[in-house]
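Enquirer: For the sequence shown, my numbering begins at 4 and goes up steadily by one. Even for Gly, the Cβ is constructed at its ideal location relative to N, Cα and C. Being a predicted model, the structure only gives us computed values, none of them experimental. Sharing a structure below in structure tokens format, with a few things to ask.
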Amino acid sequence: MLNRKRIVIGVLLCIVTLACVFWVFQAKNPNVRPETQKPAEGPTSLPPPPDSDIRKEAQGYLEKLYALSGTLTPEEKKVYLESTFALGRLFHSLQGPLLPQAEYERFTAHLEGLLLENPDIGLESHGPTESHEEVYEHQQRRQEEIENVKAAIEEVKASEDMALGAKEALLSILENRLDGLQDHGAESREMLRALLEFRKTDPDIVGLTKHEDGTYTKNYANMLTIYKKRIHHPDGTVEEEYAGSSAGAEDPNLYQEIQTYIELLENMPPWETPPPPPEHEDLRFSIEYKDVYVDAEGNQTRAARAETSVETPPELPQEYPEPMITEEEVNSLKESLTEFKTSDPSEWEDIEKFFQDAMGIPLDRFLEMTDAEIEAELNRNLSPSDRDLVSSETDTSLGLPSDESFKSGLRQRFSPERSSQAIQMLSRYGPKEGLRRLKAADPEVGKHVEGLLQKQGAE
């Protein structure tokens with residue numbers, strides 16, 4: 004689906020160790036914000052009981068982390084991982100205030116420095132259904148593999164018995180593997196620097212998504228991001244795809260609801276409209292739009308990403324042409340009915356009687372009628388009020404002074420795709436409901452159309 008196909012230079016930098024620990028800190032210290040960064044001076048004394056035993060154990064891990072600096076050795080990275088995970092586990096058990104503000108600022112500044120010097124120790128995101136131990140074991144295995152690959156690279160470089168071509172090929176494989184394990188080193192460092200910079204003014208950020216144009220999208224806890232991709236074909240038709248992602252949620256139930264919704268988007272047939280996202284008071288929304296233009300062979304020619312819409316109401320209008328029934332499908336249906344009539348005559352008689360009573364037309368005759376004959380027969384059996392209702396539902400007039408001039412004006416002012424979407428919505432839902440949907444999907448075009456409708460009403 005979209006999140007597998009979309010071209011994004013850097014994928015979501017999910018909750019790194021810094022954010023993992025910061026989350027818990029801020030939950031215990033809601034008024035503390037890391038707006039200043041002071042040099043690490045070693046740990047100060049933690050507050051006295053309650054929770055004295057937990058705080059005493061936490062003090063030991065803080066001391067281990069303060070003892071680390073610069074580029075870490077493999078053994079020091081192990082100490083870092085063990086200490087940060089242990090602190091995360093302990094802090095969830097605390098009842099009272101966590102750290103004094105001065106201690107908090109020193110500790111966060113120290114962690115930031117360690118992460119910038121060692122971007123490969125940034126931890127992977129994990130949901131509340133996973134334990135600290137499970138993620139820690141995974142991170143430990145990953146770190147061990149990084150050290151093994153590094154050792155293998157040095158061994159290959161030092162080898163004098165290996166042919167030059169073979170050595171270069173093997174080094175290329177090993178270095179690519181190391182690059183992948185280290186999250187592309189330089190890029191990880193750049194993403195981390197950007198994350199820390201954003202957090203100075205917005206401490207609630209837990210991650211960033213970097214786009215191919217170099218811009219970033221902020222990611223927050225309890226936030227669901229919905230991606231709407233519009234694929235424009237040379238013949239003017241537009242396909243739509245939806246996908247979703249999330250940086251996690253603090254509530255396990257909300258986390259599960261978000262994951263279920265994302266899976267639903269990924270497996271949704273293209274002709275269906277996405278359902279509303281989960282309803283939860285803590286859930287935040289972000290919708291990102293991307294237009295992709297392809298040639299006749301389906302190859303992308305250009306793409307444009309629209310401005311992200313944050314906190315957008317969960318309404319995602321989607322328009323598709325009315326389904327067309329082919330002659331082949333009609334013939335197939337007739338064959339199926341004929342087979343059914345032959346295999347079960349008594350059941351067929353009941354079906355014929357039911358159809359005759361409901362429609363006033365013998366079923367055999369109905370199957371041979373043309374569309375025009377069916378429409379004439381239905382109109383004959385409809386009451387005047389029923390005919391007015393059908394007519395209003397199928398009327399494609401926009402209700403404007405001049406439909407053609409209106410459409411022409413739209414196309415001159417806006418792109419063919421946006422104009423087409425506006426006309427489809429107004430034609431299908433009428434001026435009132437169509438305008439409401441249009442303003443949600445494309446506010447600029449919606450405002451322009453609203454002005455035209457108001458002008459018409461004044462006249």
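Would you mind sorting A61 into buried or exposed? The rule is 16 or more other CB atoms within 10 Å of its CB.
Expert: Your numbering for residue 61 matches position 58 in the sequence shown. So A61 counts as buried.
Enquirer: Output the distance between the C-alpha atoms of N151 and L177, rounded to the nearest integer angstrom.
Expert: Numbered from 1 along the sequence shown, position 148 holds the residue referred to as residue 151. Numbered from 1 along the sequence shown, position 174 holds the residue referred to as residue 177. In a straight line, the C-alpha of N151 is about 10 Å away from that of L177.
Enquirer: How is D294 classed by DSSP in three states: helix, strand or coil?
Expert: As a first step, residue 294 must be located in the sequence shown, where it is residue number 291. Here D294 sits in strand by DSSP.
Enquirer: Where do the N-terminal and C-terminal ends of the beta strand (DSSP E) with A246 fall, by residue?
Expert: Residue numbering aside, residue 246 sits at position 243 when the sequence shown is read from its first letter. Note, A246: beta strand (DSSP E), V241 to S249.
Enquirer: Cβ atoms of Y230 and Y219: under 8 Å apart, would you say?
Expert: The count along the sequence shown starts at 1 and reaches residue 219 at position 216. The count along the sequence shown starts at 1 and reaches residue 230 at position 227. In this structure, Y230 does not lie closer than 8 Å to Y219 by Cβ.
Enquirer: To the nearest angstrom, how far is it from the Cα of D205 to the Cα of A172?
Expert: Locating residue 205 in the sequence shown gives position 202, where the first residue counts as 1. Locating residue 172 in the sequence shown gives position 169, where the first residue counts as 1. When rounded, the distance between both Cα atoms is 46 Å.
Enquirer: Under a Cβ-count criterion, where at least 16 other Cβ atoms within 10 Å of its own Cβ denotes burial, should K293 be classed as buried or exposed?
Expert: By 1-based counting over the sequence shown, the position of residue 293 is 290. Label assigned to K293: buried.
Enquirer: Could you tell me if F409 is buried or exposed, where buried requires 16 or more neighbouring beta carbons within 10 angstroms of its beta carbon?
Expert: The residue labelled residue 409 in the question sits at position 406 within the sequence shown. By the neighbour-count rule (16 or more Cβ atoms within 10 Å), F409 is buried.
Enquirer: Would you kindly work out how many angstroms separate the C-alpha atoms of D353 and I377, rounded to a whole number?
Expert: Translated into positions along the sequence shown, residue 353 becomes position 350. Translated into positions along the sequence shown, residue 377 becomes position 374. If I take the Cα positions, the gap works out to 22 Å.
Enquirer: Does the distance from the CB of E266 to the CB of L199 come in under 8 Å?
Expert: Within the sequence shown, residue 266 is the residue found at index 263, counting from 1. Within the sequence shown, residue 199 is the residue found at index 196, counting from 1. No, Cβ-Cβ distance for E266 and L199 is not below 8 Å.
Enquirer: Please report the residue range of the alpha helix (DSSP H) in which G73 lies.
Expert: Residue numbering aside, residue 73 sits at position 70 when the sequence shown is read from its first letter. First-last for G73: undefined, no H or E at that position.
Enquirer: How big is the Cα-Cα spacing for V82 and K67?
Expert: Taking the first residue of the sequence shown as position 1, residue 82 is located at position 79. Taking the first residue of the sequence shown as position 1, residue 67 is located at position 64. Between V82 and K67, the C-alpha separation is close to 7 Å.
Enquirer: Does the distance from the CB of L93 to the CB of I124 come in under 8 Å?
Expert: Walking along the sequence shown from the start, residue 93 turns up at place 90. Walking along the sequence shown from the start, residue 124 turns up at place 121. In this structure, I124 does not lie closer than 8 Å to L93 by Cβ.
Enquirer: Between which residues of its own chain and I364 is the CB-CB distance below 7 Å, once the five residues before and five after are set aside?
Expert: Within the sequence shown, the letter at position 361 stands for residue 364. Answer for I364: E380, listed in chain order.
Enquirer: Tell me whether F417 sits in a helix, a strand or coil according to DSSP, three-state version.
Expert: Residue mapping note: residue 417 aligns to position 414 of the sequence shown, counting from 1. In this structure, F417 counts as coil in the three-state DSSP scheme.
Enquirer: Taking all protein chains shown into account, decide if Q424 is buried (16 or more other Cβ within 10 angstroms of its Cβ) or exposed.
Expert: For the purposes of this step, residue 424 is taken as the residue at position 421 of the sequence shown. With 16 or more other Cβ atoms within 10 Å, it is buried.
Enquirer: Should L195 go down as buried or exposed, given a rule of 16 or more other Cβ atoms within 10 Å for buried?
Expert: On the sequence shown, position 192 is the one that residue 195 refers to. By the 10 Å Cβ count, L195 comes out buried.
Enquirer: Judging by CA-CA distance, which residue of T228, I149 and K170 is the nearest neighbour of V159?
Expert: Here residue 159 corresponds to residue number 156 of the sequence shown, with the count starting at 1. Out of T228, I149 and K170, K170 has the C-alpha closest to the C-alpha of V159.
Enquirer: I'd like to check one pair, L227 with G210: are the Cβ atoms closer than 8 Å?
Expert: As a first step, residue 210 is located in the sequence shown; it is residue number 207 there, counting from the start. As a first step, residue 227 is located in the sequence shown; it is residue number 224 there, counting from the start. No, the pair does not count as a contact, with Cβ atoms beyond the cut-off.
Enquirer: Please tell me whether L167 and N225 are closer than 8 Å, where the distance is taken between their beta carbons.
Expert: Locating residue 167 in the sequence shown gives position 164, counting from the first residue. Locating residue 225 in the sequence shown gives position 222, counting from the first residue. For L167 and N225, no; Cβs fall outside 8 Å.
Enquirer: Helix, strand or coil: how does DSSP classify G210 here?
Expert: Position 207 of the sequence shown, counted from the start, is the residue given in the question as residue 210. Looking at G210 - three-state DSSP - the assignment turns out to be strand.
Enquirer: According to the Cβ coordinates, are T74 and N121 closer than 8 Å?
Expert: Here residue 74 refers to the residue found at position 71 when the sequence shown is read from its first residue. Here residue 121 refers to the residue found at position 118 when the sequence shown is read from its first residue. Contact: yes.
Enquirer: Which residue wins for smallest C-alpha separation from R416, given the options M428, I149, E269 and H451?
Expert: For the purposes of this step, residue 416 is identified with residue 413 of the sequence shown, where counting begins at 1. Minimum Cα distance to R416 is reached at H451.
Enquirer: Could you check how far apart the C-beta atoms of P281 and E260 are, in whole angstroms? I think they sit under 8 Å.
Expert: Within the sequence shown, residue 281 is the residue found at index 278, counting from 1. Within the sequence shown, residue 260 is the residue found at index 257, counting from 1. Yes, they are in contact, since the Cβ atoms of P281 and E260 sit about 4 Å apart, within 8 Å.
Enquirer: Quick check on this structure: which residue in Y432, E447 and G433 has the alpha carbon closest to the alpha carbon of L413?
Expert: As a working note, residue 413 is residue 410 in the sequence shown. Cα-wise, what sits closest to L413 is E447.
Enquirer: According to the neighbour-count rule (16 or more other Cβ atoms, all chains shown, within 10 Å of its Cβ), is T39 buried or exposed?
Expert: Position 36 of the sequence shown, counting from 1, holds the residue named residue 39. With a pLDDT of 37 at T39, under the threshold of 50, the modelled position of that residue is not reliable, and the figure given next carries that caveat. T39 comes out exposed.
Enquirer: Near G437, what residues of its chain come up, given a Cβ to Cβ distance below 6 Å and the 5 sequence neighbours on each side ignored?
Expert: Counting from one through the sequence shown, the residue named residue 437 turns up at place 434. Only M428 and L429 meet the Cβ criterion.
Enquirer: For G63, does the count of other Cβ atoms within 10 angstroms reach 16, so buried, or fall short, so exposed?
Expert: Residue numbering aside, residue 63 sits at position 60 when the sequence shown is read from its first letter. Exposed, because fewer than 16 other Cβ atoms sit within 10 Å of the Cβ of G63.
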